[in-house]
Structures are given as C-alpha cells and as structure tokens.
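A.B. asks: My structure is below; once you've seen it, I'll send some questions.
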Amino acid sequence: MGSDFDIKKVAKLAYLSLTPERAENMQQELSAILGYMEQLSKIDVSRVEAMSHVHGSSNILREDVLEASTPTEEILANAPDRSGRFIRTPLVVEG
Amino acid sequence: MSLHRLSVTEISAGLAAKKFTSLEVTNDCLNAINAAQDLNAFLTICDDSARKDASAADKLRASGDSRPLLGIPIAIKDVLSTKGIKTTCGSKILSNYIPPYDATVIRKLRDAGTVIVGKTNMDEFAMGSSTENSAFGPVKNPWKKDRVPGGSSGGSAAAVAAPLVPVALGTDTGGSIRQPAAFCNLVGLKPTYGRVSRYGLIAFASSLDQIGTFTRTVRDCAVVAEILSGRDAHDSTSVAQPVPHLVDGLSTSLKGLKLGVPKEYFIGGLSPEVNKAIKASLKQFEALGASIIDVTLPHTEAAVAVYYIIAPAEASSNLARFDGIRYGYRAKDSADLHDLYFKTRSEGFGPEVQRRILIGAYVLSAGYYDAYYLRAQKIRALIANDFRNAFSQCDLIVCPTAPTTAFKLGEKTSDPLAMYLNDVFTIPTSLAGLPAMSLPCGFDKESLPIGLQLIGKAWDEMTLIKAASAYEASTDWHKRLPTE
C-alpha cells in the first residue's frame, strides 16, 4: 500500500497541477499517510458487507411532481462570466 | 449592557419578561463581535440584516409570539448556505460566492425567528482540526489566544466561548463540533447521522457530515437541536425518525443508567490531565446514580485510517464541482478549458484540501478501489458493529473527546498525520453514525478546558441530554468564562 503512489498521475485525475516542490512534499506526506493505512490490510473482512448508508437507507424516491425551483437569474448571478442566459466558457467542443 | 453573555434560555426568559428587546441583545452581540475581531472568528458580520430580523422578532413578540428561539442571535459556520449572504467554506475558491437559497436548517432557524448575526470562520471545506486551514487566517482560542480553538468549526466555537453569541451552528464529519467544544469549554452536539437535513450544507463527506450546535448549557442544546431536526424531502439521506422534545430529558438523577467505558480509548497519547478529569467525571456519574461498566470497541485502532480513506474519497467526488465554470473563483488567462480547470482548482484550493482530494482520487482509482475504499467501507461496518455490541450492555459510552487540551497555533501544522490523530476519539462515532456530545468536565494546569464525550445509541439524543444535564447540574465547569 502506498509504495506505488504516483502523485503526477493522481493529480491529473483530480485536475490539480502541482509545482515540482509542492509535488515532492505531497509525495512524501501522502506516502506516509498511505503507509499508515497499511494496518487495515491485516483485518479480516471476508464475511463483511461494505457499508453504504450507516442506517441502511436505500433508494429513497419521491413522486415525479413539478415543484418550483430556484429562478435561473438567481443562479446565473454567481457565474464568473456570462452572456444573457448562458455561462461563457473556453471552447468545449473542438474542431 | 452584556446581553451577549446570557444563554439562549436566559435571553428567551428576559425577552418574555420584557426586560430587554431582541434588538438590544443583537446590538450587544454585534458590539462584542466587532470588539473581538482579533479572534478572527467571523468571516461575515450581518449588522444590517441582523438588526432588521431582531426588530421583526420584537414585533412578533409584541403580538403574542413566545416561541423559544424568537429573537435569539445565532452565528452560522460558513459552510452552510445562507441566501443572499456570502458563504465561503473558508476557501478562496468560494470567496465571492453568494448562495441563491437557504439551507434547510437556515430556513428552520429563520422560521423560528432566530437572528443570524454572522458567518463564522472554519478550516477550508471543513477539513482540519484546528481552523488553521482557513484561507482567511486562523481563529484564536478565547481561553488562551496563542492556542487553537479546535476545528473545523473553530469560528463558531470561539464565538460562543468568548462569549460573543449564545449559540452557533457547526458541522461535524470526524469531530469538527465535538473537538472545538472540548477545547473551548462548550456543549457540542453531533446528532445521529440522518437526524438533521444536509440540504444546503456544502458537502465534504456525504456519508459522515452532520450539522449540530455549540451552546454553553445542555438546556440550550436541547432547545436548538430539536428545531434543526427532522426528515427533509430535499435530503434523501435524512431519516423519518420522530423528533423527541429534548428538554423533557433534562434530569438531575441518573439512577438505573449504565455507562460504558471503552478500554481502547484510554491508551497512549491521552494526556494524563485529560485522563484524570475523565476518571473524576466517572466518579461524579456514579454519585448521580449511574453504574459504570467496562466495554470493548475492538476495531478502534483502525478507525482513523478508515476515516482518512472514506472521507477524502467522498470529498474528491464532492469537490469535483469546483471547476470555475458556474460559480466561485475562475482562474484568469487559461489556454483552454482543461487549463481553466487545472489553474482554478490549483489556485483556489489550499494545501490540506488538495492533499485530501489527492488521497481520495487515489483510493478510488482503478486498481486501488478494492484494496482501499471497499475495504474501508467493510471495516466501517465492523466498527459500527462494535458499538452495537457495546450498547447491548450499556446505555451510553463515556470517554475523552480529544487526547489533549488546546494545542498552540502552528504546533501541528507541519505534520498532517499528527493533526489527523487529534480526532482518534471522535472519528469512530462518526463512522458509526451515532449521536455524541462533548461537554465541559474540567481544566488543566494552564486553565485550558477539558471535554468529556458521551456517545449514544442511534436516535437516542434523549439519553445524551439526560446524562449531560445531570452532570452539568452537579458541576460548575460550564459557568466559567475566559478572562484573557
């Protein structure tokens, strides 16, 4: 556990870019933290179900009924860059 | 006047007896907050809207409304969405974010006539145990200003402890209400998972997060916690459990109550002074009629490791939404869309948040999911089972809240793992989804507060209130205030 932690690969997955210095520090810190997790491999979990909701709730549904929702204008108010009813971004689809 | 030093119950009684108005109480709170800016407990102070809300509450009261929270000032941890009021999560990435809606708990508080005086400082995205991870500077512990107030709800704890306000909301994922409550001599409650709606709580770890209270008395806790509770259609993880009238649980005798003491919580790393105070409190509980038995929670040692797999995994998913597109910080001069994502997140998130996102992404990634995340969720089930077994022999579990009293600012910031070990006594309860409360039980040689933790069965906040109120009624710890 932890010995093949490749910070560059994981950072790319998480859309984080790290300076070489920060990457070096984090690689060490995270290897230590992941090393600490080593103890978990010793516990026998062969007869245990993974826990998803702590009190066993699942598939809570509601009636498919229209409800009022937050007005578009109020939501767009937080957009860093907008044009009318649209949020402006760099090019999404190329070619 | 010093009306900000009164409890929720005292303020409510004073308002009912027409001794003062909500506007007067609110002004005292606002003055105290402005005079205590060195604590850095608040990120946003709502002077104008608070005075408006207070006046509206006074009008309602004049027309005969006497509900318990009408006109009571409250501070809110800045991780909860407040419509029209900036909500930052202690992060640069949301430093200009103004929610277009109220969290369910905020709506409930507003409906109850509470007066929101401000948003409190916190560890960024609730990740931390000292409030030193805030993008807006750390919070100082009012008891000793070179100490941390605890985290991640440090601002809320400092606000109630100083005192600046009678009550504040916090959130607790791995101990973020209970540990600051212990460090600041407060009553801090984390309800059963699913008791309080998380709608509008900006998510850190969805299977662990809960909203709770900081107060100076158990009675105040009972009053506020009840108002926050209940199934909410907007949060499908909230559970339809009847909400008890918690003030009915206030007690003076604990005859017949069985308290379990888990041996695994009294090991290395526990400060001798904390140990002494907890042991003394056990004697106090016996004097009140309770019986003390030994219990065992065998998987305790695995809990911190399990938590630091599950919580970061969930966080890496929850924080994926912060991409600079729809709200919050957006990096400038990006070459293209991907560059925008990388730059925004790298510039907008602090180091601890980045650390946890990286751990989370790793343990969920292809090839590692089974060994880490799935395994952790299985061990989590074992930890929950430990508690079920213990609760077949006792009604409540008693233990320390934190291994030490408040440490110095800067003391633990260079070793993330050492910081994580602060939560060793609070994490297991979070993993099991159980209700737990920290309450004052003494002071150390440096006059720093020590907290006692009570852990209850699922949905049994009532027994927590019962035991805590009886202990409080027979002790004086909670009456002390900081003199610094």
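Chain order of the listed sequences is A and B. Oh and the first sequence: position 80 is 80 in this note's numbering, straight run, nothing missing. Throughout, this note's numbering is defined as the position within the second sequence, counted from one, plus 1000. For every residue, glycine included, the Cβ atom is placed at its ideal position computed from N, Cα and C.
1) Taking 9 angstroms as the CB-CB cut-off, is Met1(A) touching chain B?
2) Could you check whether Pro1262(B) and Ile1397(B) sit closer than 9 angstroms to each other, using their CB atoms as the reference points?
3) Using the Cα positions of Lys1145(B) and Ala1168(B), report the straight-line distance between them to the nearest angstrom.
4) Examine chain B for any beta-carbon lying closer than 9 angstroms to the beta-carbon of Leu16(A), and answer yes or no.
5) Pull up the distance between the alpha-carbon of Glu1273(B) and that of Asp1444(B), whole angstroms please.
6) Can you list, in chain order, the stretches of the beta strand (DSSP E) that have 3 or more residues and sit fully within the stretch 1029-1081 of chain B?
7) Short of 7 angstroms Cβ to Cβ, which residues in the stretch 1414-1426 of chain B face chain D?
8) By how many angstroms is the C-alpha of Ser1392(B) removed from the C-alpha of Leu1257(B)?
9) Quick check on Glu1301(B) - is its C-beta less than 9 angstroms from some C-beta in chain A?
10) Do you know how far the Cα of Glu21(A) is from the Cα of Pro1231(B)?
11) Pick helix, strand or coil for Gly1260(B), following the three-state DSSP scheme.
12) Would Phe1342(B) pass as an interface residue toward chain A - the criterion being a Cβ-Cβ separation below 9 angstroms?
13) Under 8 angstroms: do the stretch 1009-1022 of chain B and the stretch 76-90 of chain A share three or more Cβ pairs, one atom per stretch?
14) Helix, strand or coil for Cys1184(B), going by three-state DSSP, please let me know.
15) Taking Val1306(B) as the query, report the chain A residues whose CB atoms sit under 9 angstroms from its CB, ordered along the chain.
16) Looking at the structure shown, is Arg82(A) part of a helix, part of a strand, or coil, going by DSSP?
17) Identify the contact partners of Leu13(A) in chain B, using a Cβ-Cβ distance below 7 angstroms as the criterion.
18) Hey, Gly1451(B) and Ala1126(B): beta-carbon distance below 9 angstroms or not?
19) Using C-beta distances below 6 angstroms, list every residue in its chain close to Ile1455(B), excluding the 5 sequence neighbours before and after it, in chain order.
20) What residue range does the beta strand (DSSP E) around Cys1399(B) cover?
21) Indicate whether Leu1069(B) and Leu1109(B) have their beta-carbon atoms separated by less than 9 angstroms.
22) Between Ser1197(B) and His1234(B), how many whole angstroms is the CB-CB distance? I'm expecting something under 8 angstroms.
23) Can you pull out the residues from the stretch 1375-1389 of chain B whose beta carbon lies closer than 8 angstroms to at least one beta carbon of chain A?
24) Run through the stretch 1452-1480 of chain B for me and flag every whole beta strand (DSSP E) of 3 or more residues, listed as ranges in chain order.
25) Does the contact criterion of 3 or more C-beta pairs under 8 angstroms hold for the stretch 55-75 of chain A versus the stretch 1311-1319 of chain B?
26) For Gly1212(B), is the classification buried or exposed, using 16 other Cβ atoms within 10 angstroms of its Cβ as the cut-off for buried?
27) Helix, strand or coil: how does DSSP classify Gly1268(B) here?
28) On the DSSP bridge list, what partners appear for Arg88(A)?
29) So for Ile1177(B), helix, strand or coil by DSSP?
30) Going by the beta-carbon positions, is the gap between Ile1085(B) and Pro1099(B) smaller than 9 angstroms?
31) Could you pull out every residue in the same chain whose Cβ sits closer than 8 angstroms to the Cβ of Tyr1368(B), ignoring the five residues on either side in sequence?
32) Please list the terminal residues of the continuous beta strand (DSSP E) segment that includes Met1127(B).
33) Is the separation between the beta-carbon of Leu1006(B) and that of Leu1189(B) shorter than 9 angstroms?
34) Is any beta-carbon of chain B found at less than 9 angstroms from that of Glu21(A)?
C.D. replies: Checking against the coordinates, here is how it stands:
1) Low per-residue confidence applies at Met1(A): pLDDT is 47, beneath 50, and the placement is therefore not dependable, though the value from the model is reported in the following sentence. True, the Cβ-Cβ gap to chain B drops below 9 angstroms.
2) yes
3) 20 angstroms
4) yes
5) 6 angstroms
6) 1042-1045 and 1073-1077
7) Of the protein chains in this structure, namely A and B, none is chain D.
8) 13 angstroms
9) yes
10) With the sequence shown as reference, residue 1231(B) is identified as Arg, and Pro is not the correct amino acid for it. Spanning the two alpha carbons is a distance of roughly 47 angstroms.
11) strand
12) yes
13) no
14) coil
15) Met37 and Leu40
16) strand
17) Ala1361 and Ser1365
18) no
19) Ile1397, Thr1429, Leu1434 and Ala1436
20) Leu1396 to Pro1400
21) yes
22) 7 angstroms
23) Arg1375, Ala1376, Gln1377, Lys1378, Ile1379, Arg1380, Ala1381, Leu1382 and Ala1384
24) none
25) no
26) buried
27) coil
28) DSSP lists no partner for Arg88(A).
29) coil
30) yes
31) Tyr1362
32) Taken as a continuous stretch (DSSP letters only), Met1127(B) belongs to no beta strand (DSSP E), as it is neither H nor E.
33) no
34) no
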